[in-house]
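Beneath this line is the structure, given in structure tokens, with notes to follow.
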Amino acid sequence: MTVYVARRLLQGVVVLFLVSLLTFFLMHLAPGGPSSLVDFQSTAAERDARLARFGLDRPVHERYLVWLGGAVRGDLGTSINQGLPVSHLLAQRIGPTLVLGVASLALAAVFGVILGVIAALRRDRWPDHVVSTLSTLGMSVPNFWLGIVMIILFAVHLGWLPASGSYTIGGGFDLGDRLRHLILPAGVLAFSLMPNVVRVTRAAILEVMASDYVRTARAKGLIERSVLIKHTMRTALVPVVAMLGLIATVLFSGSVVIESVFGWAGIGRLAIEAANGRDYPVILGVTLLAGALVIVVNIAVDLLYAVVDPRIRHD
Amino acid sequence: MTDAARGSPEAKKRTRSRLWKRVARQPLGIAASFLLLILILMVAIGPELVPHEPSRTNPLNVLQAPSVEHWLGTDELGRDVFSRILSGGRVSMSVGLFSMLVGLTLGVGIGGSAGYFGGRVETVLMRLVDAFMAIPAFFLILVIITSFGNHPVTIVVTVGLGFWAQMARIGHAEFKRFRNHEFVEASQALGGTHLRVMARHILPQVMPQATVLATLGVGWAILTEAALSYLGLGIQPPLASWGAMLQNAQGYLWRQPILAVWPGLAIAVTVLAFNLLGNSLRDVLDPRS
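Protein sequence lines correspond, in order, to chains A and B. Numbering-wise, the first sequence is residues 566 to 880 according to the working numbering. Numbering-wise, the second sequence is residues 3 to 291 according to the working numbering.
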């Protein structure tokens, strides 16, 4: 088990290294790369000074090695626009993103599984059709638009919930206030993640329900509820858990947009600020952090997999 | 059924009528096709017919509610929203279609080669696919847009790149499945080049699945482009795009909230039509799933 986790983490480090290589060279070899930032309206001497300050006067592979040397010691460089260390910015912004991510993942998982079970049990009847319509809508409606519509409805018209931010500024820590700020962004994000959970749950339940041992359980006269809970759910959860890894990837993409809609000061928002300001070190840091989170989530999912399905052992 | 019987005209007719029966069982898909046809006609010829130029401003007539003169009202610069929706649709739909083509070509090309050749080619290409899958698509897109700028062609390629790895996985599996089939071996024995075998013999077998994914892919690409434009990183003014219109509208939520409704509705209806069509195509072309 420990060996398994260690091996997976090591593989993760290799993937992260590849991601950093890909991202770094993509950015630095592009015609509009960092060196072009300092071209406007400056004398040659000023330009050279700035290039030297950010180490941009050296060849690209040397720059990468310098960056990598820092990165393994936790130094991801300095933000061009904010002048602060990238690791400092990331540490500041990761909390809100994790809160939003965990909340929307939990909502999507709980409601997705419930709706998926309902759709499977009432297959081809109206509840199934309602659930499938909801899923198709969740896949098609742009989540940032849904966010705006929710702001119009709940903040502008009804005034029930705040329109943006993750807490009321100057109010001190207040759990109720934080939760009220969380409802809209987490709900909207969950709505766009849910279709995947619903689809997988429905298919898994239908498959298990058709299996021999469920027929046996029914034949020996068990009531329907215990067939569903004891015999069907547990097996059906395996593909759903497997799905969570993929959902985490979609979640990070989605949070970039949703954090901007709701002015949520997380990693996604930082990524957009950095992209608009062409703040290369920050973009690189954010991409790596997102990759690392995806890797960690996937390892966690695989471990959870063994809990749900005892046939799987990570020796 | 023998191969000779399969080629006979009657057999072909039988297959075709079976296919039509399956199509007839998909009312949602048929409705979605008609809706798409109407949407495409609207954005293709609509901008030529509307009385208001999409980018003509009118400072005396800003943020108007919908009226007979301006069907969907006017925006913060007094431009006609209906005209802008139509011309924005041209941009959004073209980006969606071309991005899908980029993703599909790259994915089937690279994934297909990996599956067909196997061995070291397969290992290298599929590890590349894994690395791309590890980065959440949106971050990859941000990296590329920041580096290469937001020229429309760059956006098309970038959005396509966010989608190719998924296509490659499927191309890989399918080409691998057909690699050892007799018709492939026969063609190779007759001296067919690898390219010919892949393009003429395996590709047609993969087409049904690819069509389904391509249809769903257009929806995804339209959503992604809209999100990019909404964030200010996509198609730039003066070109209208649905995402950028939403971004502008968000600044006027308290004064004219209806302004934020139209572009989102346009995106949602278009993507919904592509998704419904894709799901129906899956049921018709790929009965296994």
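Ideal placement from N, C-alpha and C gives every residue a C-beta, glycine not left out. Since the model is a prediction, treat every value here as computed from it, not as a measurement.
CB of residue i within 8 angstroms of CB of residue j, strictly
i                : j                : result
serine 731/A     : tryptophan 829/A : yes
leucine 641/A    : glycine 850/A    : yes
alanine 807/A    : tyrosine 870/A   : yes
glycine 90/B     : isoleucine 157/B : no
leucine 826/A    : isoleucine 683/A : The amino acid at residue 826/A is misidentified as leucine; the sequence shows valine. Not closer than 8 angstroms, so no.
leucine 649/A    : leucine 754/A    : no
methionine 44/B  : leucine 88/B     : yes
isoleucine 864/A : valine 570/A     : yes
valine 873/A     : leucine 802/A    : yes
valine 97/B      : valine 161/B     : yes
serine 189/B     : glutamine 28/B   : no
Backbone CA spacing between residue i and residue j [nearest angstrom]
i                : j                : result
alanine 768/A    : alanine 636/A    : 44 angstroms
alanine 136/B    : leucine 835/A    : 20 angstroms
valine 104/B     : leucine 163/B    : 7 angstroms
proline 138/B    : alanine 728/A    : 27 angstroms
tyrosine 254/B   : proline 265/B    : 14 angstroms
arginine 179/B   : glycine 221/B    : 28 angstroms
leucine 680/A    : alanine 813/A    : 20 angstroms
proline 154/B    : leucine 106/B    : 19 angstroms
threonine 4/B    : serine 10/B      : Its pLDDT being 47, under 50, threonine 4/B is placed unreliably in this model, and the value from its coordinates should be taken loosely. When rounded, the distance between both Cα atoms is 10 angstroms.
leucine 130/B    : serine 35/B      : 36 angstroms
threonine 653/A  : proline 846/A    : For the sequence presented, residue 653/A should be read as histidine rather than threonine. If you take the alpha carbons of histidine 653/A and proline 846/A, they lie about 12 angstroms apart.
arginine 81/B    : valine 578/A     : 52 angstroms
methionine 169/B : leucine 740/A    : 44 angstroms
arginine 790/A   : asparagine 761/A : 25 angstroms
valine 667/A     : alanine 609/A    : 50 angstroms
arginine 628/A   : valine 145/B     : 18 angstroms
isoleucine 143/B : glutamate 71/B   : 40 angstroms
threonine 148/B  : glutamine 238/B  : 14 angstroms
leucine 771/A    : leucine 699/A    : 19 angstroms
glycine 280/B    : leucine 218/B    : 5 angstroms
valine 678/A     : valine 763/A     : 6 angstroms
valine 186/B     : glycine 114/B    : 14 angstroms
valine 199/B     : leucine 192/B    : 10 angstroms
alanine 268/B    : alanine 167/B    : 28 angstroms
isoleucine 716/A : leucine 749/A    : 8 angstroms
glycine 173/B    : glycine 111/B    : 8 angstroms
leucine 583/A    : glycine 703/A    : 33 angstroms
alanine 275/B    : arginine 92/B    : 16 angstroms
serine 705/A     : lysine 785/A     : 44 angstroms
Heavy atom of the ligand COA within 7 angstroms of residue i beta-carbon
i                : result
isoleucine 269/B : In terms of ligand content, the structure shown is empty, and the ligand COA therefore cannot be addressed.
DSSP three-state assignment for residue i, whether helix, strand or coil
i                   : result
threonine 4/B       : Because the pLDDT of threonine 4/B is 47, which lies under 50, any placement of that residue in the model is unreliable, and the number read from its coordinates should be weighed accordingly. The answer is coil: DSSP assigns threonine 4/B none of H, G, I, E or B.
proline 138/B       : coil
proline 650/A       : strand
aspartate 777/A     : helix
asparagine 182/B    : coil
threonine 733/A     : coil
valine 52/B         : coil
leucine 192/B       : coil
isoleucine 788/A    : coil
tyrosine 254/B      : coil
leucine 21/B        : helix
glutamate 124/B     : helix
arginine 690/A      : coil
phenylalanine 150/B : helix
glutamine 657/A     : helix
serine 757/A        : helix
glycine 164/B       : helix
serine 282/B        : helix
methionine 566/A    : coil
Closest by C-alpha distance to residue i, when choosing among the options
i                : options                                : result
proline 624/A    : Arg638/A, Glu611/A, His593/A           : His593/A
isoleucine 645/A : Gly786/A, Ala855/A, Ala840/A, Leu574/A : Ala840/A
alanine 270/B    : Ile224/B, Ala251/B, Val286/B, Ala246/B : Ile224/B
serine 57/B      : Phe84/B, Ser35/B, Glu71/B              : Phe84/B
leucine 744/A    : Tyr778/A, Val765/A, Pro661/A           : Pro661/A
glycine 31/B     : Val214/B, Ala191/B, Ile147/B           : Val214/B
valine 822/A     : Arg202/B, Glu227/B, Ala201/B, Ala191/B : Glu227/B
alanine 685/A    : Ala857/A, Ser585/A, Leu586/A, Thr766/A : Thr766/A
glutamate 838/A  : Gln258/B, Asn250/B, Leu230/B           : Leu230/B
leucine 37/B     : Leu287/B, Val273/B, Asp285/B           : Val273/B
arginine 86/B    : Gly173/B, Gly117/B, Ser243/B, Ile204/B : Ser243/B
valine 675/A     : Phe756/A, Phe719/A, Arg688/A           : Phe756/A
glycine 639/A    : Val861/A, Val859/A, Leu853/A, Val862/A : Leu853/A
Beta bridge counterpart(s) of residue i as assigned by DSSP
i               : result
aspartate 82/B  : Thr76/B
threonine 643/A : Pro650/A
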